[in-house]
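Report on one structure; see the data block that follows.
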Amino acid sequence: MQQLADSLIAQGMFGANPPRDLIYALFIFVFSLIVFLGIAFPFAGIVSWVERRVWARMQSRCGPNRVGPNGFLQWLADGLKHICKEDLIPADSDPALFKFAPYLVILAFTLPWAVMPFSSQLILADLNVGILYMTSVTALTVVGVLMAGWASNDKWSLIGGIRSAAQIVSYEIPAGLSIFPAVLMAGTLSMQGIIKAQGWAPWTWFAFSNPFTFIAANVLYISALAEGNRTPFDLPEAESELVAGFATEYSGMRYLFFFAAEWGNLFIIGAIITTLFLGGWQFPLISNNAVVMNVLQLITFNIKVLFLVFISVWVRGTLPRVRIDQLMSLCWKYLVPISFVDLVGTAAWIAIWPSGNSVAPWIMLALFLAIVVTFLRRVLHYFRRSKMELYLSPTI
Amino acid sequence: MYFQFGVALALAIIGIGFMAVNFGLQKLLAPNNPYERKLTPYECGEPPTGKAWINFNVRFYLIALIFVVFEVEVAFLTPVAVVYMDWIRRGHRLYTLAEILIFLGILMVGLIYVWVKHDLEWLKKVAD
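In order, the protein sequence lines correspond to chains A and B. Under our numbering, the first residue of the first sequence carries the number 329, and numbering increases by one thereafter. Under our numbering, the first residue of the second sequence carries the number -12, and numbering increases by one thereafter.
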């Protein structure tokens, strides 16, 4: 973005002797507004509709299909409904903390968009600490959720908030450790730097460059789902045990913002994994036109991210919730040792083959394709035994 | 540099401003009719007994302690991870690898200690 501002100033767009700081401030504000109101918030809304439609299809239902074409405007209707709901603050609660908690959760959702690498030039700010910034601002969620649970003065909220704190801080460790294999190979923390260290082809992605990074990508995805309070790790808001967990006492817009942040975080989870392990926006150089290339890169990045978002919706529609002791032992007894081994293994791999092994990516890719083919054969098995008309008209 | 962190500031202002606008709209549009029974904490229809601000399970405290140890480690690893590739390219392969192994080894001893002491088990058995 700074390059764009500089080039426009150099072209004399703002007169001969422009106030540089003022133009920078204007640029920052306008583009942040575009990213927030044009991408981040609509995404959070639309994915709520997509998620309900996908679950409905998995459970042989229709899902919301009345507001707009195929129910597409359902998220706007929901938002409008929540604006018109009474804002209740329990009498015994701590009102200041109770009101402050949603702000922290929304901050944890808006701040990561500053380093979101949509394409080689479409990025708000290419911070040199990009991925570290991303993990540190998303960790603000835990403060908001714990604050919401404590301030409500409700037993369900307290249990939900404290469970959430334990869960999110535990899964920070495998998530943090699984980021390092990619950082080790790229040698930088900047989001663009990590993407530029990879290529457009799957065998040049970090996920397939050696067995350890392949496992690290999976561990990171599992931990990110747990940090985003997603099923099968949605214990903080387990609706069948804890009413609504930390959000029990919230109503109206405050309630909506908690869940908007949760849905919006799906994009951020997908973007982190796409950037670190799946090659980000990399696209073969087929044109010298910068605009064409940027549009193609934008599409590539979004397809990868939206596919990961779809997988997490799928997981939520498929898997049952784990118990709290299983959740904690999965984190500390399996994911943490595995991510330690990944880190050491990647470091050793780089020490042995500093410029990369030429055979390993092909073997990893073949293994990955074998897993996918095995899975698709299972799907075909059930597909043959199901009702065809449901698949032929997916938008009833 | 200030351009780049200015973006983070702008996003924070926009996020909070967006929420403030929505809360303002809610104030205008939503009904406001609180009474005593509506404002009691929800306990599935029963009258609530006592406050919720009580001592909670000590296991969460143990997890928080273990977390602090490992999170500090993650923070310390970050600069090492960034310069690692550079050092390998300069030819200090074994030296660099040994250093990162020693650092991680000490921390793994910490994990093994916690594990052996059964602090990772949710249902901890107290020795007789």
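We put the beta carbon where it would ideally sit given N, CA and C, even for glycine.
Residue i: buried (16+ other C-beta within 10 angstroms of its C-beta) or exposed?
| i | result |
| --- | --- |
| isoleucine 690(A) | It is tryptophan, not isoleucine, that sits at residue 690(A) in the sequence shown. Exposed. |
| proline 28(B) | buried |
| leucine 704(A) | exposed |
| proline 418(A) | buried |
| alanine 478(A) | Note on residue identity: the sequence assigns tryptophan, not alanine, to residue 478(A). By the neighbour-count rule (16 or more Cβ atoms within 10 Å), tryptophan 478(A) is buried. |
| arginine 644(A) | buried |
| valine 56(B) | exposed |
| proline 392(A) | buried |
| lysine 483(A) | buried |
| cysteine 281(A) | The question about residue 281(A) has no answer here: the residues shown for chain A are numbered 329 through 724. |
| tryptophan 377(A) | buried |
| alanine 575(A) | buried |
| arginine 76(B) | exposed |
| leucine 52(B) | exposed |
| alanine 62(B) | exposed |
| tyrosine 22(B) | exposed |
| glutamate 500(A) | buried |
| cysteine 31(B) | exposed |
| proline 440(A) | buried |
| threonine 36(B) | exposed |
Hey, is residue i's beta-carbon within less than 7 Å of any beta-carbon in chain A?
| i | result |
| --- | --- |
| tyrosine 29(B) | yes |
| alanine 85(B) | no |
| alanine 7(B) | no |
| threonine 65(B) | yes |
| arginine 24(B) | no |
| tyrosine 82(B) | no |
| proline 34(B) | no |
| tryptophan 74(B) | no |
| valine 117(B) | Chain B is shown only over -12 to 115; residue 117(B) falls outside these bounds and no answer can be derived. |
| glycine 78(B) | no |
| valine 59(B) | no |
| glycine 2(B) | yes |
Along chain C, in chain order, which residues have C-beta atoms closer than 9 Å to that of residue i?
| i | result |
| --- | --- |
| aspartate 406(A) | Reference to chain C is not applicable here, since the protein chains of this structure are A and B. |
Do we get a CB-CB distance below 7 Å when we pair residue i with the residues of chain B?
| i | result |
| --- | --- |
| leucine 708(A) | no |
| methionine 475(A) | no |
| leucine 332(A) | no |
| leucine 354(A) | no |
| glycine 515(A) | yes |
| isoleucine 550(A) | no |
| proline 347(A) | no |
| lysine 413(A) | yes |
| leucine 435(A) | yes |
| valine 497(A) | yes |
| lysine 409(A) | no |
| serine 360(A) | yes |
| alanine 429(A) | no |
| methionine 581(A) | yes |
| proline 418(A) | yes |
Examine the ligand SAH and report whether any of its heavy atoms sits within less than 6 Å of the Cβ of residue i.
| i | result |
| --- | --- |
| arginine 77(B) | What this structure holds is no ligand at all, so the ligand SAH is not there to describe. |
- prompt: If you pair each beta-carbon of the region 443 to 452 of chain A with each one of the region 603 to 622 of chain A, do three or more pairs fall below 8 Å?
  reply: yes
Point to revise | Inter-stretch contact (C-beta, 8 Å, three-pair minimum) for the region 428 to 435 of chain A and the region 463 to 479 of chain A | key: yes
- Query: Looking at C-beta atoms only, is the number of pairs between the region 509 to 527 of chain A and the region 561 to 578 of chain A that lie closer than 8 Å three or more?
  - Reply: no
- Quick one: which residues of the region 649 to 671 of chain A get their C-beta closer than 8 Å to a C-beta of chain B? List them in chain order. Ile652, Asp653, Met656, Ser657, Trp660, Lys661, Val664, Pro665, Phe668, Leu671
TODO: Return the residues of the region 36 to 57 of chain B that lie within a Cβ-Cβ distance of less than 7 Å from chain A, sorted by chain order.
DONE: Lys38, Ala39, Trp40, Phe43, Phe47, Ile50, Ala51, Phe54, Phe57
For the pair the region 586 to 595 of chain A and the region 4 to 16 of chain B, tell me if three or more CB-CB distances fall below 8 Å. no
Mind checking the region 592 to 614 of chain A against chain B and listing, in chain order, the residues whose C-beta falls within less than 9 Å of any C-beta there?
none
Listed in chain order, which residues of the region 363 to 390 of chain A have Cβ atoms closer than 8 Å to some Cβ of chain B? Val363, Phe364, Leu365, Phe369
Can we say the region 627 to 635 of chain A touches the region 539 to 548 of chain A, given the rule of at least three CB pairs closer than 8 Å? These segments do not touch.
(message) With a threshold of 8 Å, are at least 3 pairs of Cβ atoms found where one atom belongs to the region 638 to 653 of chain A and the other to the region 461 to 469 of chain A?
(response) Taking 8 Å as the limit for Cβ pairs, the verdict is that the region 461 to 469 of chain A does not touch the region 638 to 653 of chain A.
Count the C-beta pairs between the region 431 to 441 of chain A and the region 401 to 419 of chain A that are closer than 8 Å, then say yes if the count reaches three, no if not.
-> no
Three or more C-beta pairs closer than 8 Å, one from the region 670 to 686 of chain A and one from the region 501 to 508 of chain A: is that the case here? yes
Taking beta-carbon pairs under 7 Å, can you tell me which members of the region 84 to 109 of chain B lie near chain A? Leu84, Ile87, Leu88, Leu91, Met95, Leu98, Leu107, Trp109
For the 8 Å Cβ check, are there 3 or more pairs between the region 530 to 537 of chain A and the region 72 to 92 of chain B? no
Worksheet item: What residues in the region 506 to 540 of chain A bring their beta carbon closer than 8 Å to a beta carbon of chain B?
Response: Phe508, Val511, Leu512, Met513, Ala514, Gly515, Thr516, Leu517
Taking a cut of 7 Å between CB atoms, which residues from the region 677 to 700 of chain A lie near chain B? Taking 7 Å as the Cβ-Cβ cut-off against chain B, the residues of the region 677 to 700 of chain A that qualify are Ile678, Ala679, Pro682.
Decide yes or no for the touch test of the region 70 to 85 of chain B against the region 678 to 690 of chain A: beta carbon pairs closer than 8 Å, at least 3 of them. yes
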